[in-house]
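There are 4 protein chains.
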Amino acid sequence: MSADYFAPFDTIRFEGPESTNDLAYRWYDKDRVVMGKRMEEHLRFAVCFWHTFCWPGSDVFGAGTFNRPWHAGPNDAARATAKREAALAFVEKLDVPFYCFHDVDVMADAEDAGSFRSSFAEAVDHLEELQGKHGRQLLWGTANLFSHPRYMAGAATNPDPEVYAWAAMQVRDCLEATHRLGGANYVLWGGREGYDTLLNTEIGIEQENFGRLLSLVVEHKHRIGFKGAILIEPKPHEPTKHQYDFDTQTVYAFLKRFGLENEVKVNIEANHATLSGHTFEHEIAMARALGIFGSIDANRGDPQNGWDTDQFPNSVEETTLAMIEIIRAGGFTTGGFNFDAKVRRQSIDATDLFHGHIGGIDTIARALLRAAAIIEDGQLDAFRQERYAGWRGETGKAIHAPEATLASVAELAIQANRAPEPRSGRQEWLENLVNRF
Amino acid sequence: MSADYFAPFDTIRFEGPESTNDLAYRWYDKDRVVMGKRMEEHLRFAVCFWHTFCWPGSDVFGAGTFNRPWHAGPNDAARATAKREAALAFVEKLDVPFYCFHDVDVMADAEDAGSFRSSFAEAVDHLEELQGKHGRQLLWGTANLFSHPRYMAGAATNPDPEVYAWAAMQVRDCLEATHRLGGANYVLWGGREGYDTLLNTEIGIEQENFGRLLSLVVEHKHRIGFKGAILIEPKPHEPTKHQYDFDTQTVYAFLKRFGLENEVKVNIEANHATLSGHTFEHEIAMARALGIFGSIDANRGDPQNGWDTDQFPNSVEETTLAMIEIIRAGGFTTGGFNFDAKVRRQSIDATDLFHGHIGGIDTIARALLRAAAIIEDGQLDAFRQERYAGWRGETGKAIHAPEATLASVAELAIQANRAPEPRSGRQEWLENLVNRF
Amino acid sequence: MSADYFAPFDTIRFEGPESTNDLAYRWYDKDRVVMGKRMEEHLRFAVCFWHTFCWPGSDVFGAGTFNRPWHAGPNDAARATAKREAALAFVEKLDVPFYCFHDVDVMADAEDAGSFRSSFAEAVDHLEELQGKHGRQLLWGTANLFSHPRYMAGAATNPDPEVYAWAAMQVRDCLEATHRLGGANYVLWGGREGYDTLLNTEIGIEQENFGRLLSLVVEHKHRIGFKGAILIEPKPHEPTKHQYDFDTQTVYAFLKRFGLENEVKVNIEANHATLSGHTFEHEIAMARALGIFGSIDANRGDPQNGWDTDQFPNSVEETTLAMIEIIRAGGFTTGGFNFDAKVRRQSIDATDLFHGHIGGIDTIARALLRAAAIIEDGQLDAFRQERYAGWRGETGKAIHAPEATLASVAELAIQANRAPEPRSGRQEWLENLVNRF
Amino acid sequence: MSADYFAPFDTIRFEGPESTNDLAYRWYDKDRVVMGKRMEEHLRFAVCFWHTFCWPGSDVFGAGTFNRPWHAGPNDAARATAKREAALAFVEKLDVPFYCFHDVDVMADAEDAGSFRSSFAEAVDHLEELQGKHGRQLLWGTANLFSHPRYMAGAATNPDPEVYAWAAMQVRDCLEATHRLGGANYVLWGGREGYDTLLNTEIGIEQENFGRLLSLVVEHKHRIGFKGAILIEPKPHEPTKHQYDFDTQTVYAFLKRFGLENEVKVNIEANHATLSGHTFEHEIAMARALGIFGSIDANRGDPQNGWDTDQFPNSVEETTLAMIEIIRAGGFTTGGFNFDAKVRRQSIDATDLFHGHIGGIDTIARALLRAAAIIEDGQLDAFRQERYAGWRGETGKAIHAPEATLASVAELAIQANRAPEPRSGRQEWLENLVNRF
């Protein structure tokens, strides 16, 4: 029944840019080799459970609009089973390798700790079976520590240690499940780790507790032999007024403070980047510079709307700039492109789920081709190298010399006593150059 | 002539809330003791050179509107001298203890290194004399590393090491001048330390160079025996698209990375806070939590305008929230409230300069009284303490125990196997409580 | 049972600024006469059904946190009855005169047209009885044309005329019910009148249809003899990407286009104002200038969050500026202050509902006192009058003369041939003046 | 000398997408026929004086960085002459048909009315000669009513009628000059028509005066026989806190109020659109729906920066969406694409001026080709038509019938008594469709 939902659709295949088939890839050719790697290995696409299989199409101002068959089962357990089957079937139809989940996405509801754990364990058993059946893999798992009312004041940053312990329970089980399912990463998104008002908040206590949980997670990961990366996903606001994991540099500050900068990386989401006042590519470039680039949540925001709209990426231009930074960062190791994106509330048909993902996948695939062409062309990087050439010259070396002091550097200017030569930054030319590809 | 500009004005005195004199303080009573300290010592007000004495009232869309007599001198040297005299006379008229300057604010223009240094040296001599004459002190000095065309691509982050050396020269001289003038702090605002486009920028190189300069400055400070604090002023955007010192946590990340977190603090500006997506009080609270709270640039932005409007603070409500955090941080040590604020372009008269500063000073003074009353009342802090009381109980201690693991914490939840008790966050009650004072 | 929820609370009474009773008014003294009118008549407070009695404390990222007894009844009809009883009991406890509702807020769910109408009719009967029992009145009614999935693409702007007819049915019934219940106004908020993407939208058709519905509503109002005002509530975004009723001037353009500017007014919401790039007071001032000021939705946004946070007003300073404009507009005739505000998701107790409303009411009452004092003082208005005095002089009259032409006005400048005298705008002095009260 | 500045550059020619010549058009092929019109006629490109020839590369935080030879002449008159020569020479080198100017851009400074007028008159004589020499035309002229200190409180909305008269003088002369030079339009941008604070502002008086000036301008246009369009350029903020011409709908409200909606159109700027909370294409679509679409200022903003960055357009994707709306509006009649864009402050070379314009021109030309292909393909418009098909059916006709009432429309729903059929909005499919071209 639920599985039948996607039965009318064939597996999505590459047909090339000239195809007029709405249900084909025009740019994503998984076996095409780009810069020495197959596209599938470069991009490591994943479909998420929450937006695509759990969300009913509701928003703050209205009820769900989607009539997914797996939402209509006779009881919660049956609905959860149907949802898992539908999800993995869909991922196979898209012919992308990965999926992602929160614990509560894949399981039947349960209130007490014992039932919660057993319900989740059953779900994991089923997922393992479905992974085999459909030939799909897990990009990452994560525990949902924000939807249940118990988390209204945070999980690791909750004033109540009982809530903290619940969170630890979920994280342990989900990390172990991720390990068992062969997940490539484990993600922590601090959904309500932040505050609504400073008036009732002790930032100091909350951040110490948050840091402690992260340390325990890292320690547990090593204990159980999980080889995947631990990832934190930055977000500046929403649902709380202020989220502690504001952006990549804030996360880095946090990691440094707790000595975890070599243990934890970031999962960067495009829409979170723009909500924090940065471009998508900035966040990737900064993560690269700080050595903490991990994975990507591929979606886009709406520049006119001040909340997380989680739309499928459709700008090749913007994604190309992000892709250049990903390539510079060496590409993904354990990470990938997870579609943390949802079809619009009016896009109520099964076919819309395909259009959303196909559009996003093709946008990113095309951006990869453009970015690779730009990098292989070399002019962009050559200009950048030339721009900083002075640092390889005499003055640059004198400044970088270990024995240099403020006074010795100041003396360089006094001795030279001339105006530095102004050089154009060539922004317009560089923008034109990028547009050429 | 220039000095005469303020001659019609008497020294501004405290006359109490009922006064209808526009040129009197209604709340700032410098000798009134609040929480054990005189108001003057609490607030440590400073007037800035740049907005109040250098800026002619121009903006991007129009020419200067102010006809200050010190802008009309026969030559640049005469204008600089008149400006310094006017400035210190004004600070005395306001009866606040401090002023602040950029090197180029106080001196005659000069293009080559030698003339630049001697012009600045003359200015410093004169300032020293004026400090004595008017009985005023220097809160902080700073080098302007952003206005001259040579800095169009940054100072410490410039691709050209010659520019870097110029910056080092200015910083050394200005730090030494600040030391000689008895300045309480030395500030670095990275005006153009950032980028306009990632296409021409190597973040990695730029940040390494920036970190290096900061290390050299710290080392030089100790070498010359300067006891004041070195302060970085965060700002997210403007003039560049992205400024490296985005906000307090970004600065902390930077300091941690270069091992400078115990050597450098932040100078927080209210308008920069809001432009970076934070409240003013957030930035102070975060600096306190990270141990890097230094000083304040007191101004406000316009919530409808996306640039730095640098207006005088006029909200007692908002400033009270900031003041609570300052008191919690232990108040200022070397820092103070510098008015990095400018009268509006239409406020062309000498009296407007007084109204701007008087309004700002009274707003902050009144906020101090309210904040002190709230803290002395104790209900706010008592609620916060009670909210986190669980962490002093059994579960909290078990989580914090050095031997705790993710598994041991998870087991706490499994053993308890009950829903944590939901407790109201009481935001509305807390807001009402604050409004009571 | 539901009614018992508020039994522990006494009716809220005025106790004056010195009271330390959290459940008393400190500024709202309903019988106090301000500028010739009782406070209760000035402010005309209303409590809304939706946020306070319908919303369970859910958000996009999590489930409801409130355990209101009226949400736990055995069936939908019982729950609706209990909700109505609780609501009117609460309004009486607050001792404010009005309440507001959407049709679906007060009734049991129903899918087909017949049951929908009869369910609503029963609810209206009950409300009429409760109004009498509790001595409360209806400030305004409105039809919810956005929550049901049928409205996902709009109501009056839906591409499907069947949906439009449904909307007309709801509006007719709700307008007639409002009339019968003695409502002072009828409101239209175009919750989904807008678009998510221009790609599938014909603005021309949608706006024509929207204008037509409004015309039909106005005609029907006169037909049934409803004397209250018809009000449109502007909002720029959310839930749709772009809402047609963007702000007051956009609504005015719309009204003018369909010849309705003398028939329809605006219901201005503070948070919608700020989301559209304006201050709250701007929207009121503009509505006054255009002759369409109607009523107020009293809430506030969060300046750091880009969505409608609908918080209770707690800034006396901001509300004072709005109140000055309301007084200038002549105060309310049929309008009032409706609390379209919700307690925070963590504020889960009955007492929090009281704190939210008491805080909002006192904030507004205090703002009224300040605004009245400022206006009675007269300096603010005198300055404004003086500033435009030139328009009452010779040059002003010559420009305003009916026979003036561009050439004749140009000649005034040529003849005078002198620089106009610059005059300070005195913004800082005016801000200080306002802070004095 | 100044003319020599561009001597090293050949006239820019179309060389096709494969060209690697940085100084050639890759998409703008002026004689290529698209949808029945030559590209040159479609796009009607214009170069502006102010950003490209007047601005020295300064910003609020720093001095000019450009060393244009025409800024270095011996006196103001010589500099103005050289600037005019350089400008028209540059426009010819770009091989685009039009230029635009403010009065003060093209003339030597002058303080009194007589000298101002004669200086401008001389400039106009020279421009007429240069137009002939270089074979270029004027897209539009405009008077700068915002840069001079006299306009600090507005021009038409100034509290001082003497300033108003000055403005009228400039507008009359500039309108007549535009007429004489064969200009296709006359533009009014209300640079400081707005307010910094409501505290000192009477919106009512200011808007009445503004409306009056516009009426006088329209009357004068007809009097002198000027056949071009009068255009208002909306902008929401900056330099003032609030600008009266906030956006297209606000301008429409204003025009309707003063009965000018058939006389005046809008000149839409992309960056102003986004600052006002709209997309560029929204503003065009809205102007089309209201019948006031006139012309375009082609630039882009920076989504992370809250001020007018005035960058050259470089997004083909975004411009395509705007171009679709322009084509739907019937294309330009008198209007065109004016580059109200400036090279970055670091782009200091003559060649950067070419790169900026070439990039912008190619971006727009390519967008035209894509938009034309999308419209000629027809799927997008077919989907839209089908989406609204119901309005051509029975229910739609019944609603639109002149005799329809709210009651008769409501009865349609009651009679049908069934749930309207939900239909997908297909946003993702439409986005994919657009990306296909």
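Chains as they are written, first to last, in full-length UniProt numbering: chain A, 1 to 437; chain B, 1 to 437; chain C, 1 to 437; chain D, 1 to 437.
By construction, the Cβ of each residue, glycine as well, lies at the ideal position given by its N, Cα and C atoms.
List, in chain order, every chain A residue whose beta-carbon is nearer than 9 Å to that of residue i.
i	result
glycine 191/C	Phe61, Gly62
By the 10 Å Cβ neighbour count, where 16 or more other Cβ atoms means buried, how is residue i classified, buried or exposed?
i	result
aspartate 109/A	exposed
serine 118/C	exposed
proline 313/D	buried
alanine 285/D	buried
valine 33/D	exposed
isoleucine 12/C	buried
serine 115/D	exposed
aspartate 112/A	exposed
glutamate 386/C	exposed
aspartate 308/B	buried
arginine 223/D	exposed
glutamine 427/D	buried
threonine 320/D	buried
arginine 44/A	buried
Over the uninterrupted beta strand (DSSP E) stretch that includes residue i, give me the two end residues.
i	result
lysine 235/D	Counting along the chain, lysine 235/D falls outside any beta strand (DSSP E), and DSSP gives it neither H nor E.
residue 441/D	Beyond the ends of chain D as shown, which are 1 and 437, falls residue 441/D; an answer cannot be given.
lysine 265/B	264-269
tyrosine 186/B	185-189
phenylalanine 45/B	45-48
Cβ closer than 8 Å: which chain C residues qualify as neighbours of residue i?
i	result
asparagine 200/D	Phe383, Arg384, Arg387, Gly425, Arg426, Gln427, Leu430
What are the boundary residues of the alpha helix (DSSP H) that residue i is part of?
i	result
threonine 248/A	248-257
phenylalanine 101/C	Counting along the chain, phenylalanine 101/C falls outside any alpha helix (DSSP H), though it belongs to the beta strand (DSSP E) covering 98-102.
asparagine 209/D	203-224
glutamate 431/C	427-435
So with CB distances below 7 Å, who are the chain C contacts of residue i?
i	result
lysine 227/D	Within chain C, no residue comes near lysine 227/D; the closest Cβ sits about 17 Å away, beyond 7 Å.
Looking at the strands, I want to know which residues DSSP matches up with residue i.
i	result
glutamate 394/B	DSSP lists no partner for glutamate 394/B.
arginine 300/B	Gln311/B
glutamine 131/A	Glutamine 131/A is not bridged to any residue.
aspartate 59/D	Gly62/D
glycine 194/C	Gln243/C
valine 409/C	According to DSSP, which records beta bridges pairwise, valine 409/C is partnered with nothing at all.
What in chain A is Cβ-close to residue i, meaning under 7 Å?
i	result
glutamine 249/D	In chain order: nothing, as chain A lies at least about 15 Å away.
methionine 39/B	Ordered by position in chain A, no residue passes the 7 Å Cβ test against methionine 39/B, which lies about 24 Å from the chain.
How would you list, in chain order, the residues of chain D whose beta-carbon sits under 7 Å from the beta-carbon of residue i?
i	result
histidine 355/A	Glu428, Trp429, Asn432
Cβ closer than 7 Å: which chain B residues qualify as neighbours of residue i?
i	result
valine 343/C	Glu428
task: Could I get the ranges of all uninterrupted beta strand (DSSP E) runs contained in the stretch 335-396 of chain D, with 3 residues as the minimum, in chain order?
output: 337-339
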